[in-house]
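All you need for our numbering is the position in the sequence shown, starting with 1, plus 818.
Ideal Cβ positions, reconstructed from N, Cα and C, are used throughout, including at glycine.
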Amino acid sequence: MEPPAAKRSRGCPAGPEERDAGAGAARGRGRPEALLDLSAKRVAESWAFEQVEERFSRVPEPVQKRIVFWSFPRSEREICMYSSLGYPPPEGEHDARVPFTRGLHLLQSGAVDRVLQVGFHLSGNIREPGSPGEPERLYHVSISFDRCKITSVSCGCDNRDLFYCAHVVALSLYRIRHAGQVELRLPISETLSQMNRDQLQKFVQYLISAHHTEVLPTAQRLADEILLLGSEINLVNGAPDPTAGAGIEDANCWHLDEEQIQEQVKQLLSNGGYYGASQQLRSMFSKVREMLRMRDSNGARMLILMTEQFLQDPRLALWRQQGAGMTDKCRQLWDELGILSPPRASSGALWVCVVLSPHCKPEERAGWLQLLSRWDKLDVCPLEEGNYSFDGPSLRPTVAPVPGSEEEEEVAATSPRHTVFGRALLAGELRWNDAYLQRILASDSYGPSLTGSMGGDKPTFDPQGRPLWLGEPFPTACARVDTLRAHGYPRQALRLASAIINTLRLQQRHQLESYKQQKKELLQKGSTCITNTEGWVGHPLDPIGCLCRALLEACRLEEETLTLYPDSGPEKRKVAYQHVPVPGSPGESYLVLALEVALLGLGQQRALPEGLYAQDKVVRNEEQLLALLEEVELDERLVQVLRKQAGLLLEGGPFSGFGEVLFRESVPMHTCARYLFTALLPHDPDLAYRLALRAMRLPVLETAFPAGEPHPSPLDSIMSNRFPRWFILGHLETRQCELASTMLTAAKGDPKWLHTVLGSIQQNIHSPALLFKLAQDACKTATPVSAPPDTTLLGIALELGRQVMRMTLNVMTWRRREMVRWLVSCATEIGPQALMNIMQNWYSLFTPVEAATIVAVTGTTHATLLRLQLDTPRREELWACARTLALQCAMKDPQNCALPALTLCEKNHSAFEAAYQIVLDAAAGGLGHAHLFTVARYMEHRGLPLRAYKLATLALAQLSIAFNQDSHPAVNDVLWACSLSHSLGRHELSAIVPLIIRSIHCAPMLSDILRRWTLSAPGLGPLGARRAAKPLGADRAPLCQLLDAAVTAYITTSHSRLTHISPRHYGDFIEFLGKARETFLLAPDGHLQFAQFLENLKQTYKGKKKLMLLVRERFG
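Here it is in structure tokens:
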């Protein structure tokens, strides 16, 4: 195959022919290059110098010098590749972090001197300015090279990194750019051969003298071995020469520090949880891809080293032992290593690309397959996620499997799971020597007239005479395209891609014909089997992405991507594309093909794969493809393609995700439909809406929840036990909601489409949380700040809100209050009739508490009334509606709604009386004392003490406070009720005393009430002043009954406490008796009663001697 055209890139001077050192003078100004230089170039590129010496008995010194001269690399591209990152560093750090740019700066600042080339060895000094306050640093650099490749480097900076240091870069660029200024000598062995004995002795002695501290021990050892006749050194002819270049058997490849690569990958994997570590590992993968594009054998070497370190990651064994899946970041790195490239990459599958290389030697491929086979058998080797087959159906020019046929069932059979290296092993079985394939790759105009006798009966051309590619699965065919691109064969990749797309078109045509014959039967059944067992979007080999990137790359208008960061271009600036004609296909362009194949893949009806990561990959892959399409600016030509493909997708039946009948677990089309809707809307609104409405379906939920049936957990997505396989269901529902929101926004001002979209939303969206978000978005869109509201869209927002209320009515969640408030706000935006409507139909939308405390209150606030701008009759109508709502709620739930109803009905006497009567009726029906006390306090606050007293007595009738409940929650309410009755007068006080005695058995509490009542006279005078009456006595009615009850309670409580008293509670009991004495003394004979009581205690509990002693000490 022909090599790719040389490309020039910014910041990295150009390729081999533009910087051929020393050749400018010979070729410049139109002068031809010398034959000696032309010959020396070819020899220097492909022959080891040892081979030259063996082939020719005597090589003239001028010829040797030119061969040595041309053996140094002539292109700065490779120097740049081996001294730059695989991704762009942060802004402003280019010079600080990238060795190539730093080396270029050193060269331009004149930091390189004393450059000498001796044979195949280059040396020089680099003077690097120190930091402020530090001296200049001097580094000695040496470089060995052979056949236009640097084979080893050495620098005094001792930089340990994957890439050449800036000093090596500076010396290499100096040799390329200023070759004529470099002193050139033949290999040192050639110079030594010209010396006699005395000269050799003088040379050795001077060398030892100049470096005696470093070389003297080595010199002495070598001298001893040479003088020993039988030594090994004397048995070998000649002597080593580090400047003579590599031998014939030596590998010819660029210097790569294998040990450093292994160490760095190991370290980065140990920090795998950090973003920086993952980013650096991806930069190393990018470097592998860059090497593959340059057809550098180190690409495979570097990938082998990285793979071995990945397999030695101790976490693999731990995850396998625990039965846990690896982290997402680690899984993405493994995908990149074994199968997929990352989202921003452009070269595709790494190991598949390496093994499928179109120019590698058979022994190289065999070595790679042997390694892969060994790795594949390791227990810790990760498995490929998803249920994708390894030997799926081949591309066919005729009818695809008929849904439900035996052939389809055979294809649909699940394959055993394989490791991440399984596809690379299968790729090793593929070859490039097929004669028909070679013809496709060799010519843009290959057609039936050029075929000759092809043999076989399979069609190889479509009806238009364009070549097809048949006989292997679609992902495999696309892997070939990706491999051609990865190895620097872009033209051949485009030719094969065109043939694959021709086949897809023909297959699509036959599928449509097949569907038309079965359409009636399938529509009657209402369901179908899946026709594509494995989707192309999300597939491990990313076939659609491979084709799209290959085709779009041919149409790109932007300047060549900066070589320092080969994978960073598209993310950094806007990409522009142009139509590039497809040779042999008049009227077509690669841009059209890219759009067409992307829509074919995105619109394919396919089953969701198994496993969380595989499903997540489907989503990410779809988003990546759509991001590529969104970069393409649509012109009239592309719009026609969109319209045509959209029509085909709608008519595609079971082969299309937009078809009339869907398989239950097929991947939804929401994200793709959103792109198509937005793109088609300005050109063909009817088609745009038809497509988007068809895509609103979510089959897995439609079969589980028929129309009108609510969600089991309404505010959450259905990631429940009923659907354990659909790990990404929540994400899919969100995308469905986004599509619906896009349609609602676009349909603003068009009632026909608005109501159609509403019907689709109500039928297809089953998550109340998402419906609520849609309602909010619609309301916001319908009420712009600087324009009148869209009443139709507001009505739809309100209807969606009502649906959410109905769906969540029996499922209480923390968002209900927010939803209720929003619904009232939305109804207010529409007008008073909408607000009264939700009040009148509250029972189907709200709970009584929500209706009484939020709907009725919010709907009648001052701000709401101002917003509605109602006249007096309409305002009164709204108030009446709210009061009716409050009374209905109070009747349904008096416990929680009685007080809000009373509050709302304050200004209307009849309504207030009705609410009060509801409370009285509820008290008889079991309304709790706490709620009755609350309403009673409200009545007192309103200036209705007699009604407050009535409710307080009803509450006391339900209350019971035991002897040991000093801190009962109702204590304060009881004391308040007593105070209220005391303030009303003797009659009310007399009536409440029996209730107190019956309900309260706590002695301290009874004595406290008694004391409060004896402090002042009962009743209030005019304006609240006290009457001039005597306080009540405890020994007279009605308080004498309460005194007797308090005394009895103290006696009963004392006996109860003494039954199980412990010594540590003796002190508390003595204090209790002190309070009891105070109450006893309120009676005329209280002193005598208390003495008798103490005597009884002493006799009854005489066994508690210590306690009785304390009683005698305190009370006698």
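In this structure, how does DSSP classify residue i when only helix, strand and coil are distinguished?
{"i": "S949", "result": "coil"}
{"i": "D1016", "result": "helix"}
{"i": "H939", "result": "strand"}
{"i": "H1573", "result": "helix"}
{"i": "R955", "result": "strand"}
{"i": "D931", "result": "strand"}
{"i": "T969", "result": "strand"}
{"i": "Q1422", "result": "strand"}
{"i": "Y1307", "result": "coil"}
{"i": "E868", "result": "helix"}
{"i": "Y1661", "result": "helix"}
{"i": "P1291", "result": "strand"}
{"i": "Y1395", "result": "strand"}
In chain order, what residues of the same chain have a beta carbon less than 7 Å from the beta carbon of residue i, not counting five sequence neighbours either side?
{"i": "G1567", "result": "D1608"}
{"i": "A1863", "result": "I1815 and L1824"}
{"i": "F1664", "result": "M1623, V1638 and V1673"}
{"i": "Y1264", "result": "R1257, I1258 and P1285"}
{"i": "L1196", "result": "L1129"}
{"i": "A1732", "result": "L1705"}
{"i": "R932", "result": "G942 and N943"}
In whole angstroms, give me the CA-to-CA distance for residue i and residue j.
{"i": "L1447", "j": "L1413", "result": "7 Å"}
{"i": "Q1783", "j": "M1926", "result": "26 Å"}
{"i": "R995", "j": "E863", "result": "19 Å"}
{"i": "D1434", "j": "T1301", "result": "25 Å"}
{"i": "G1904", "j": "G1746", "result": "38 Å"}
{"i": "L1612", "j": "E1636", "result": "18 Å"}
{"i": "R1455", "j": "G1475", "result": "25 Å"}
{"i": "K1390", "j": "Q1621", "result": "Confidence at K1390 is low in this model, with a pLDDT of 49, below 50, so the placement of that residue should be treated as unreliable; the coordinate-derived value is given next. When rounded, the distance between both Cα atoms is 45 Å."}
{"i": "A1394", "j": "Q1422", "result": "28 Å"}
{"i": "F890", "j": "Q999", "result": "14 Å"}
{"i": "E1647", "j": "S1662", "result": "21 Å"}
{"i": "R1553", "j": "W1193", "result": "40 Å"}
{"i": "R1298", "j": "L1174", "result": "7 Å"}
{"i": "G1934", "j": "V1865", "result": "20 Å"}
{"i": "A1506", "j": "Y1493", "result": "10 Å"}
{"i": "N1914", "j": "G1892", "result": "16 Å"}
{"i": "S1797", "j": "V1811", "result": "12 Å"}
{"i": "L1641", "j": "N1582", "result": "22 Å"}
{"i": "L1498", "j": "G1471", "result": "21 Å"}
Spatial neighbours of residue i within its chain, please: CB distance less than 6 Å, with the 5 preceding and 5 following residues excluded, ordered by chain position.
{"i": "D785", "result": "A question about residue 785 goes unanswered here, because the residues of the chain that appear run from 819 up to 1934."}
{"i": "R1111", "result": "G1306"}
Keeping to the same chain, check which residues put their C-beta closer than 8 Å to that of residue i; ignore five residues upstream and five downstream.
{"i": "F1021", "result": "L1010 and M1013"}
{"i": "S970", "result": "I961, S962 and H1073"}
Please classify residue i: is it buried, with 16 or more other beta-carbons within 10 angstroms of its beta-carbon, or exposed?
{"i": "P1281", "result": "exposed"}
{"i": "N1116", "result": "buried"}
{"i": "V1603", "result": "exposed"}
{"i": "N1628", "result": "exposed"}
{"i": "R920", "result": "buried"}
{"i": "P1285", "result": "buried"}
{"i": "Y1333", "result": "buried"}
{"i": "N1320", "result": "buried"}
{"i": "T796", "result": "Residue 796 lies beyond the stretch modelled for the chain, which goes from 819 to 1934, so this question has no answer here."}
{"i": "H1177", "result": "exposed"}
{"i": "P1200", "result": "buried"}
{"i": "T1599", "result": "buried"}
{"i": "G928", "result": "exposed"}
Inspect the beta-carbon positions of residue i and residue j and report whether they are closer than 9 Å.
{"i": "T1560", "j": "T1610", "result": "no"}
{"i": "I885", "j": "V916", "result": "no"}
{"i": "L1312", "j": "A1260", "result": "no"}
{"i": "D1595", "j": "T1574", "result": "no"}
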